[in-house]
Amino acid sequence: MKMNFLKVIRNNWKKSAFAAAVSGYALSSLKTHIDINQHMREFSTNLSSSCKNIPSTKKVLVVINPIANNKKSEKTFKKYCEPILHLAGYSVELLRTNHIGHAKAFIEEMAVLPDAIVIAGGDGTSSEVVTGLMRRNENRCPITILPLGRTNQPLHKYFHYSVQSELDYIKSLCSALLPMLREEFIYQSVIRYDVINDDADSEKQLKPIFGLSGFSWGLLKDIDSTKEKYWYFGPIRHYVAAFGKLFSKNWSLVTDYVYTPPCSGCADCFEIPNDESTVLKQSFFGKLVNSNRRNVKSQKQLIQNSECSNELKGKMEANQIDITCIRNNEDFSELETNFISSLQPGWDFIKTIPSITCSSIVPQLVLRSRTIQLYPNGESTNDSYSIDGEEYDARPIKLSVVPNAIKVFC
């Protein structure tokens with residue numbers, strides 16, 4: 001019997017190989033499904049013990065980009081995340097964005113903010129939510145970010161995870177929700193972007209944009225934005241996009257820049273976040289320390305920093321400019337501007353493609369500042385830059401740090 005079975009396999013080896021592949025895939029999918037269900041059961045069981053004090057009246061607004069993650073974001077959220085929120089006692093309102101600027105305008109014009117906002121999308125969705133919150137004059141509610149978009153750069157600041165499988169992905173979603181359920185948050189600084197307009201007419205001044213991720217302009221930004229066009233190359237699409245730039249003419253940009261040195265807070269720039277002081281006032285502990293907060297503010301206002309308003313100027317020709325908000329060794333936020341100018345067409349560029357895909361190219365100039373202004377030169381061939389993953393026409397722009405501006409659950 002055994003010999004007949006082996007003989008059948010040998011005589012029909014193509015069909016046997018196909019059947020083995022299908023069976024292996026089915027067993028792997030079944031095991032993943034079982035592991036995910038087991039994880040969700042364990043997470044739900046532990047949820048009640050770790051989140052006992054959450055009032056049932058808390059409301060959360062979920063801002064979801066339905067086309068994120070290959071149009072799977074909403075299905076994934078409703079299957080794994082929404083049940084967790086309901087189990088924890090939250091009332092969930094869903095906002096599906098259907099055009100650019102939808103979330104930004106909706107949050108900016110809301111009559112009453114929810115207790116928290118969940119961002120279920122990529123960097124662009126995060127930027128819109130943060131911009132909508134920052135444009136409001138009243139207190140801002142905290143946010144949490146779910147890894148449901150193509151890129152979630154801010155998320156890697158707060159959660160160090162590596163997605164290797166579908167199970168790991170579901171675990172990362174649960175981990176991203178857990179700090180909100182436990183009410184664990186930090187104050188996060190944001191970057192403010194103001195288009196520099198020579199026209200003094202205030203009606204023509206554009207509203208500022210705010211973001212968490214950063215600013216990107218140049219060759220590497222172009223490579224990153226075009227790699228999805230080569231989706232059919234699978235895991236090597238980033239390499240293919242970089243190799244394709246070998247034949248491009250957009251290799252450098254020229255810009256004038258003006259920046260001010262970093263400052264921890266002085267008479268010119270120090271400001272206590274409105275939402276922090278309000279939270280303190282609303283609590284019993286806040287009543288005890290609020291007077292001390294005001295004393296700290298008055299002492300900070302007495303500090304004079306003659307270098308804070310100094311403007312340092314320069315001009316740079318570079319392949320790439322990246323600007324991010326970091327926290328320095330003195331524990332205050334500043335802008336870090338990296339100028340990369342070492343890339344040239346040819347064989348040397350081909351050898352640096354692995355470094356490009358890993359974002360490990362060493363910059364030739366690094367500036368640390370409180371504000372920086374960029375004035376694109378007419379010699380530049382790159383006519384657009386990226387703010388939190390969204391592309392804008394390259395115009396003169398000012399970037400500023402807004403310290404401790406928003407609460408992020410993490």
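When we follow this note's numbering, the leftmost residue of the sequence shown carries the number 1, and every step to the right adds one. Just so you know, even glycine gets a beta-carbon here, dropped at the ideal spot from N, CA and C.
Check	Outcome
Using only the alpha-carbon positions, how far apart do residue 39 and residue 71 sit?	24 Å
In whole angstroms, what is the alpha-carbon distance linking residue 33 and residue 78?	17 Å
Please specify which runs of the beta strand (DSSP E), each continuous and at least 3 residues long, are wholly inside the region 321–361, giving them in chain order.	333–340
Closest by CA to residue 400, which one among 386, 219, 256, 191?	191
If distances are taken between C-alpha atoms only, which option among 340, 231, 229 comes closest to residue 253?	340
DSSP has residue 373 in a bridge; who is on the other side?	258, 398
Quick check: what's the CA-CA separation for residue 386 versus residue 307?	30 Å
Suppose the cutoff is 6 Å on Cβ atoms and the five residues either side in sequence are ignored; what does the same chain contact list for residue 338 look like?	322, 363, 366
Under DSSP, the beta strand (DSSP E) around residue 194 begins and ends at which residues?	185–195
For residue 417, write down the residues that DSSP places opposite it in a beta bridge.	Limits of the chain in this structure are 1 at one end and 410 at the other, which puts residue 417 out of reach.
Around the Cβ of residue 85, are there at least 16 other Cβ atoms within 10 angstroms (buried) or fewer (exposed)?	buried
Would you mind working out which of 109, 148, 137, 315 sits nearest residue 125, comparing C-alpha positions?	148
Could you round the C-beta distance between residue 107 and residue 129 to whole angstroms and report it? I think they count as a contact, below 8 Å.	6 Å
Looking at C-beta atoms only, is the number of pairs between the region 367–379 and the region 163–181 that lie closer than 8 Å three or more?	no
On a Cα-Cα basis, can you pick out the residue from 348, 178, 390 that is closest to residue 46?	178
Assuming residue 440 and residue 246 are in contact, meaning their beta carbons sit under 8 Å apart, how far apart are those beta carbons, in whole angstroms?	In the structure as shown, the chain begins at 1 and stops at 410. Residue 440 is therefore absent and cannot be evaluated.
Is residue 228 buried or exposed, if buried means 16 or more other CB atoms sit within 10 Å of its CB?	exposed
Alpha carbon to alpha carbon, how far is residue 36 from residue 26? Give it in angstroms, no decimals.	15 Å
Alpha carbon to alpha carbon, how far is residue 117 from residue 103? Give it in angstroms, no decimals.	11 Å
Near residue 298, what residues of its chain come up, given a Cβ to Cβ distance below 8 Å and the 5 sequence neighbours on each side ignored?	Model confidence at residue 298 stands at a pLDDT of 44, short of 50, so the residue's coordinates are unreliable and nothing is read from them.
Would residue 142 be called buried (16 or more neighbouring beta carbons within 10 Å of its own) or exposed?	buried
Cutting at 7 Å between CB atoms, please list the residues of its own chain near residue 135, excluding the five before and the five after it.	108, 207
Check the C-beta distance from residue 374 over to residue 255 and give it rounded, since I have them as a contact under 8 Å.	5 Å
Please give the ranges of any alpha helix (DSSP H) in the region 54–92, keeping only runs that are unbroken, at least 4 residues long and fully inside the region.	68–71, 73–76, 82–87
Distance, Cα to Cα, residue 357 vs residue 326?	22 Å
Spatial neighbours of residue 238 within its chain, please: C-beta separation below 6 Å, excluding the five flanking residues on both sides.	227, 357
With H, G and I counted as helix, E and B as strand and the rest as coil, what does DSSP make of residue 422?	Summary: the structure shown does not reach residue 422, with the chain confined to residues 1 through 410, and so no result is reported for it.
Which residue marks the beginning of the beta strand (DSSP E) containing residue 118, and which one marks its end?	116–121
What span of residues does the beta strand (DSSP E) with residue 313 cover, start to end?	312–318
Taking residue 210 as part of the beta strand (DSSP E), name the residues at either end of that continuous run.	209–211
Exposed or buried, what is residue 132 when buried is set at 16 or more other beta-carbons lying within 10 Å of its beta-carbon?	buried
Closest to residue 408 by C-alpha separation, out of 144, 4, 31, would be which residue?	144
Compute the distance between the beta-carbons of residue 258 and residue 315, then report whether it is under 8 Å.	no
According to DSSP, is residue 284 helix, strand or coil?	Note that residue 284 scores a pLDDT of 34, beneath 50, so its modelled location is shaky and nothing firm can be said.
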